[in-house]
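To keep things clear, I will list the structure first and then write my remarks on it.
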Amino acid sequence: MTMNPLRLALVSLLSAGLVACTTAPLRNPMAQWQGSSNFDARRARAVVLHHTSMDSVDEALRTLKSVNSGGPVSAHYLIGEDGRVLQLVAEDARAWHAGGSRWAGIDDLNSSSIGIELDNDGSEPFSEAQLQSLLRLLADISARLRIQPRFVIGHGDIAPTRKDDPSTQFPWQRLAQAGFGLWPRDAPAPPPAGFDPWLAMAVIGYDLRDPTAAMRAFHRHYRGSSAETWQPGDFEILHDLQSQVLELPATR
Ligand SMILES: [Zn+2]
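In mature numbering (1 follows the signal peptide of the UniProt record, and there is no 0), the protein residues as written are -20 to -1, 1 to 232.
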């Protein structure tokens, strides 16, 4: 069936209007379309890990699929204690897991990350089956979306004033050994004179608007503690992590 030009214009105007109600138009009427085939899909740059702070995967699933009193939340993936991997949101869509956040100068991590929730109450160890599934999923996501290892991070790292997940029980060192996330290399040497630990924190990615919260997040992730002052060994670790981000050789 052929449509007369006037009707065709009307239909496209109407559908453009409908689309505009929810999202930006596919083709902006302010510009003349000169399509190019030289493009691909935008992709996430980071993977943000969470613990659910709940007692069961079913309870977490209900929360991640419903309207909560605190507002709706979701994640791309949920991994059960038994290792079961559930997907709730497509990877190219924006799940609501990060909230107000900042990492390495990137605001609004929801727009640029994959969120993975781990079924864990926040005080218990993470199960072996769950960690095995997480490592397999990270290998898959990181390869397909070309996620840099240092952009596998925790919710508490990107929202240090509000969040503390995953807990100090989370095995970041084991993850890094498998190629996901940063971890200090063996026996890092003391940093040179004039070393600025806060600059290193910023280079690693931490948001320093609340320095105490950032330090707490660093200690949770790298020292398994919640200390709010610098501890012996911190500067060696920070200097080594900074060197890794800046792709400088290890100093011993
Ligand atoms: Zn979280």
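Ideal Cβ positions, reconstructed from N, Cα and C, are used throughout, including at glycine.
If one requires a minimum length of 4 residues, the alpha helix (DSSP H) runs lying completely within the region 159 to 194 are 177 to 184, in chain order. Fewer than three Cβ pairs drawn from the region 112 to 129 and the region 34 to 54 lie within less than 8 Å of each other, which leaves the two stretches out of contact.
H199 and E208 have their C-alpha atoms some 8 Å from each other. Taking every residue with its beta carbon within less than 5 Å of a heavy atom belonging to ligand 1 gives, in chain order, H30, H135 and D145. Nearest in C-alpha terms to Q149, of all of P52, R142 and N100, is N100.
Per DSSP, H135 lies in no beta strand (DSSP E) segment; the continuous alpha helix (DSSP H) that holds it begins and ends at H135 to I138. Taking the Cβ atoms as the reference, G185 lies roughly 5 Å from W83, within the contact range of under 8 Å. One Cα belongs to E61, the other to Q110, and the distance between them is close to 5 Å. By the neighbour-count definition (other C-beta atoms within 10 Å, threshold 16), P164 is a buried residue. D87 sits in a strand when the DSSP states are folded into three classes. Closest in C-alpha terms to H219, from the list R142, H56 and A167, comes A167.
Rounded to the nearest whole angstrom, the CA to CA distance from S223 to P229 is 7 Å.
For E108, the enclosing alpha helix (DSSP H) has its first and last residue at E108 to L125.
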